[in-house]
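Down below is the structure, laid out as structure tokens.
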Amino acid sequence: MNIETINLGKVLDIATGIGQFVKYLQGINKNFESFVCIDDDEKMISEANRRNNNEKVTFKHLNAYHLPFSDESYDTVSISNSLHHFENPSLVLSEAIRVLRRGGTLIISEMCRDEDQTDSQKSHILLHHWTAKFDRYSGKHHDDTFLSEQLIALVNEQNLSKIEHKIYNNYSADKFNEEVIVSYVKVIDRLTSIIAIKKLPNILIEEGQQIKGHIIEHGFEPARNVLIMGVK
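Below, the structure is given as structure tokens:
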């Protein structure tokens, strides 16, 4: 299976955020009819709608656990960098497969936290897990990212007839790119200010400063990514 050549048809993108993965799919594969993009965060959907100028793409405020669609409604269902945001990812996958037509494709794309990554990739992992901890202290469910083997096992448990996976390391040509480093340092500084205002535990501030030091010392590269494609 090749994500760039399969017939996407009618696509449902779950936990779409502002639609970044949808834009990625549109950029690499023109074989699509339409996209319905859902998220349970109203602010995200509002921003996505503000940015959207494609009549073939619609954004809706919906809950991934209870999709208001008939069985086998979509040719493709995608979930990108979002499964670790769900308290019960297996249930989300089950619901996604319910609305996927027989012979349709499930696409899962997730960063993973495998230990054998470079120090610059670990900058991404450390930062992501720190922001996840901040979300949890703020009342949002946000787990650490999966190990690649955990994610693959999770999808293998689903009722799919064929499953393939690929693991990507998107190494940067310049892991010490000043613009990139500065942008993530600003993210840490901004969240640190919010942590102080909200009077969250000081350990969060300490961890943030440690991660900032790690990024400055080791640089920043995207963490390893797992792409899983399954046929119903």
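In numbering that gives the first Met the number 0, the protein residues as written are 0 to 231.
For each residue, glycine too, the CB sits at the ideal point set by N, CA and C.
- For the segment 9 to 80, the continuous beta strand (DSSP E) assignments of 3+ residues that do not extend past its boundaries occur at 31 to 38, 56 to 60, 73 to 79, in sequence order.
- Annotation for Glu86: no alpha helix (DSSP H) segment contains it, and DSSP assigns it neither H nor E.
- The shortest C-alpha to C-alpha distance from Asn1 to any of Ile187, Asp142, Glu216, Glu163 is the one to Glu163.
- In the structure shown, Leu159 falls within a coil segment according to DSSP collapsed to helix, strand and coil.
- Contact between the segment 26 to 34 and the segment 45 to 52 is not established, with fewer than three Cβ pairs separated by less than 8 angstroms.
- For Gly212, the enclosing alpha helix (DSSP H) has its first and last residue at 201 to 217.
- With respect to His60, Glu86 sits apart: the two C-beta atoms are not nearer than 8 angstroms.
- Cys36 is positioned such that its CB atom lies no closer than 8 angstroms to that of Asp74.
- Cβ neighbours of Arg100 within its own chain (closer than 8 angstroms, five residues either side excluded): Glu71, Ser72, Tyr73, Asp74, Lys231.
- Per the coordinates, the alpha-carbon of Lys9 lies some 12 angstroms from the alpha-carbon of Thr57.
- The segment 155 to 172 and the segment 200 to 209 do not touch, with fewer than three beta-carbon pairs separated by less than 8 angstroms.
- About 6 angstroms separates the beta carbon of Ile214 from that of Tyr183, a gap short enough to meet the 8 angstroms contact definition.
- Here Val225 is near Glu109, since their CB atoms are less than 8 angstroms apart.
- The way I'd put it, the segment 154 to 162 does touch the segment 91 to 106; three or more beta-carbon pairs between them come closer than 8 angstroms.
- When Phe219, Leu82, Gln208 are compared, the shortest CA-CA separation from His140 is found for Leu82.
- C-alpha of Trp129 to C-alpha of Ser69: approximately 38 angstroms in a straight line.
- For Ile78, the closest alpha carbon among the candidates Lys121, Phe34, Ile180 is that of Phe34.
- By the neighbour-count criterion, in which a residue is buried when 16 or more other Cβ atoms sit within 10 angstroms of its Cβ, Ile196 is exposed.
- One alpha carbon belongs to Ile151, the other to Leu7, and they sit about 22 angstroms apart.
- With a beta-carbon spacing of about 4 angstroms, Cys111 and Ser147 fall inside the 8 angstroms limit used to define contacts.
- The straight-line gap separating the alpha-carbon atoms of Asn62 and Val91 is approximately 10 angstroms.
- Nearest C-alpha to Asp143 among Phe31, Val76, His84, Ala14: His84.
- Residue nearest to Thr191 within the set Thr117, Ile124, Ile210, Gln116 is Ile210 (criterion: CA-CA distance).
- A residue is called buried once 16 or more other Cβ atoms fall within 10 Å of its Cβ, and Lys121 is buried on that count.
- Annotated three-state conformation of Leu226 is strand, per DSSP.
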